[in-house]
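This report refers to the structure that appears directly beneath it.
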Amino acid sequence: MSDELNLTYYPLHESLASEFDKIRVGTSTAHNLKQEMEDLLRYSMLFLETIATDAMGTSLQDGPLGEELLKQASEMLVSMQTTQDAQNSMFAAVSQTKATFRNTTREEPPLQLEYLQHYQNIPLDETHRSLTQMLDDLLAQQPAPQRSAALEEDIHFLNNAAFVIQHPLEPLPETEEDEDDLAMAGGKVDLYDPLLRKLFVDPYYSKKCRHVFEKGPVHELMRQEHSREIDCPTMGCGMRISAKDLVPDKLMKLRVLAYNQQQNASKDAEEMVKL
Numbered sequence: 001m002s003d004e005l006n007l008t009y010y011p012l013h014e015s016l017a018s019e020f021d022k023i024r025v026g027t028s029t030a031h032n033l034k035q036e037m038e039d040l041l042r043y044s045m046l047f048l049e050t051i052a053t054d055a056m057g058t059s060l061q062d063g064p065l066g067e068e069l070l071k072q073a074s075e076m077l078v079s080m081q082t083t084q085d086a087q088n089s090m091f092a093a094v095s096q097t098k099a100t101f102r103n104t105t106r107e108e109p110p111l112q113l114e115y116l117q118h119y120q121n122i123p124l125d126e127t128h129r130s131l132t133q134m135l136d137d138l139l140a141q142q143p144a145p146q147r148s149a150a151l152e153e154d155i156h157f158l159n160n161a162a163f164v165i166q167h168p169l170e171p172l173p174e175t176e177e178d179e180d181d182l183a184m185a186g187g188k189v190d191l192y193d194p195l196l197r198k199l200f201v202d203p204y205y206s207k208k209c210r211h212v213f214e215k216g217p218v219h220e221l222m223r224q225e226h227s228r229e230i231d232c233p234t235m236g237c238g239m240r241i242s243a244k245d246l247v248p249d250k251l252m253k254l255r256v257l258a259y260n261q262q263q264n265a266s267k268d269a270e271e272m273v274k275l
């Protein structure tokens, strides 16, 4: 049976230790990745608006290509976020490794001949570790990354957008809490403001009850009642809402854009038949 291999601890030479301490954890790569994520999201939103509003987008709206492109954009966002999380963990671990290394070297005698015997008697253990071991241990201790609420919302939106573009009046296939109150009798989504009964242009929803309103009329109602809170204008709701409860409803806005585009396409088709 072979003897167990015993590794001995030796510190870095002063010149190498100095070089290691000069290593700087760069942030330019992380900044560039963050910028690329923002660009991807912006281009995805522009792509959505193009499909929903332009006549050239009709083929994408009616086919699987638009849905596939949006799915890829969503997957790319998730992948880029995973890469960013890994970078952040590495940056934190390297910084902590450098700090631990500096504290350790201050207490150690220099790597010189007179101290060689001293180091030959020190095994590699939890107290005396290589830089690689330090880094690996710190990486293992990094907390699990938490995806930001904003990114979750953007990914959620992209995943739903393709369906909404093709079916602007239909509830999402997997009915969610935020769409429970959008469906009318017959299972269709109401695209009309409950106050003016006109198609939404700038829809906002209440975080309290999820009902949707046109921004201008609901703010005007609050002004007329001289109150920070009003009863929700949706019949039967009874919830008290305020301006701070209202959030832009991007999905409803997309529904209306897609609905208008489909209506215009139908009219154009009818005109062609008449000709």
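full-length UniProt numbering applies: residue 1 is where the sequence shown begins, and numbers increase by one.
Ideal Cβ positions, reconstructed from N, Cα and C, are used throughout, including at glycine.
- Straight-line spacing of the CA atoms in Q262 and T50 works out to 13 angstroms.
- Under DSSP, L199 forms a beta bridge with Y192.
- The C-alpha of L195 lies about 18 angstroms from the C-alpha of K208.
- One Cα belongs to P233, the other to Q35, and the distance between them is close to 40 angstroms.
- Of the candidates V78, H167 and A92, the residue whose Cα lies closest to the Cα of M134 is A92.
- In this structure, DSSP gives R228 a state outside helix and strand, which the three-state scheme calls coil.
- Judged by their CB atoms, D190 and L77 are not nearer to each other than the 8 angstroms cut-off.
- In the DSSP assignment, L158 falls outside any beta strand (DSSP E) and lies within the alpha helix (DSSP H) extending over A149 to Q166.
- If you ignore the 5 residues before and after H219, its C-beta comes within less than 7 angstroms of the C-beta of A243, all in its own chain and listed in chain order.
- Taking all protein chains in view, the Cβ of E214 is crowded by 16 or more other Cβ atoms within 10 Å, so the residue is classified as buried.
- A Cβ-Cβ separation of about 6 angstroms places L48 in contact with L254 under the 8 angstroms criterion.
- The beta carbons of P248 and Y204 sit closer together than 8 angstroms.
- According to the DSSP secondary-structure assignment, E214 is paired through a beta bridge with P203.
- Straight through space, the alpha carbons of E225 and L151 are spaced by roughly 37 angstroms.
- Here H31 is exposed, its C-beta having fewer than 16 other C-beta atoms within 10 Å.
- Note on L46: under 16 other CB atoms within 10 angstroms of its CB, so exposed under the neighbour-count rule.
- Here L221 is actually not in contact with V256; their C-beta atoms are around 21 angstroms apart, not less than 8 angstroms.
- L33 sits close to T83, with the two beta carbons spaced by under 8 angstroms.
- L172 sits in coil when the DSSP states are folded into three classes, being neither helix nor strand.
- Counting the other CB atoms within 10 Å of its CB gives Y43 a total below 16, which places it among the exposed residues.
- Under the DSSP assignment, P248 falls in the beta strand (DSSP E) whose first and last residues are L246 to P248.
- Closest in alpha carbon position to A149, among P143, K188 and F157, is F157.
- Distance from the CA of D136 to the CA of A73, rounded to the nearest whole angstrom, comes to 33 angstroms.
- With a 10 Å radius around the Cβ and a threshold of 16 neighbouring Cβ atoms, P168 comes out buried.
- Not a single unbroken stretch of the alpha helix (DSSP H) spanning 4 or more residues falls wholly within the segment 64-93.
- With a cutoff of 8 angstroms on beta-carbon distance, L40 and S89 are scored as not near each other.
- Burial state of N160 is buried, judged by a 10 Å Cβ sphere holding 16 or more other Cβ atoms.
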